[in-house]
Every structure is written in structure tokens, then in C-alpha cells.
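Right, one structure below, let's go through it.
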Amino acid sequence: MPQPPSSIVQATATTPQRFKNVCGCSQDLVQLEQEKLDVLKDIRQSLKEANEINNNFQKQIIELKKAKLALEERRLSLEEMRFARPSISVPIILPDESDPGEETTNLNQ
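To convert, note that position 88 of the sequence shown is 88 in my numbering; the numbers rise steadily by one, no gaps.
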């Protein structure tokens, strides 16, 4: 049986080693990409949670502002009622015109 040329023998001898090195690098890259995907998934989950917390916070702020507005409306309504009611006045008694003989009394006596 004829022997293959030495260049082919040398190439076949080094190919599995090269392939192993290439595979090793590929495996490392695959592992790094998998770790990267895991980190990105964690970041995505953290962002979702942060958005949910922020949305809940914004809803609470809106509810508080609505409550504050309702209180302010109530305060203004009560204030308006206070100004709308007549004030208590003291009656002023004037001398009766039918009795011209009486003089007004001086309160400083």
C-alpha cells in the first residue's frame, strides 16, 4: 500500500489538535455568551421590577394629589360658607322720633 505524502500526514496529525483548540475557544465563547445572556436576563428582570415599583409610586402620588385636591376643595367650600353667612350685628337703638322731648342720654356720665 502506498504511503500518503508526508504533508497530508502532518496535516491530519495537526488538524484534531487545531480543531480541539478551535472547539475549546468556541466552547469558551459559548459559555461567555451564556453568562452574558444570564446577566442580561437579570438586568431585564431588575428593570421590570423597578418599572413596576415606579408605576406603583406614581399611582400613589396621583392618589395623594387627588386627596389633597379634595381637601383643598372642601376647605374652600367651608371658607366660602363662612363668608356667605351674615355676620351677627348688634342692633342700634335710635331715639323714637315720636317723642321729641327726650334727649339722648350721654353714656359718659
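From the three backbone atoms N, C-alpha and C, an ideal C-beta is built for every residue, glycine too.
Where Val9 falls: helix, strand or coil (DSSP): Here the model assigns Val9 a pLDDT of 49, short of 50, so the residue's position is not dependable and the matter cannot be decided.
Length of the line joining the Cα atoms of Asn51 and Phe57: 10 Å
Val9 burial status per 10 Å Cβ neighbour count (16 or more: buried): Confidence at Val9 is low in this model, with a pLDDT of 49, below 50, so the placement of that residue should be treated as unreliable; the coordinate-derived value is given next. Exposed.
Where Ile93 falls: helix, strand or coil (DSSP): coil
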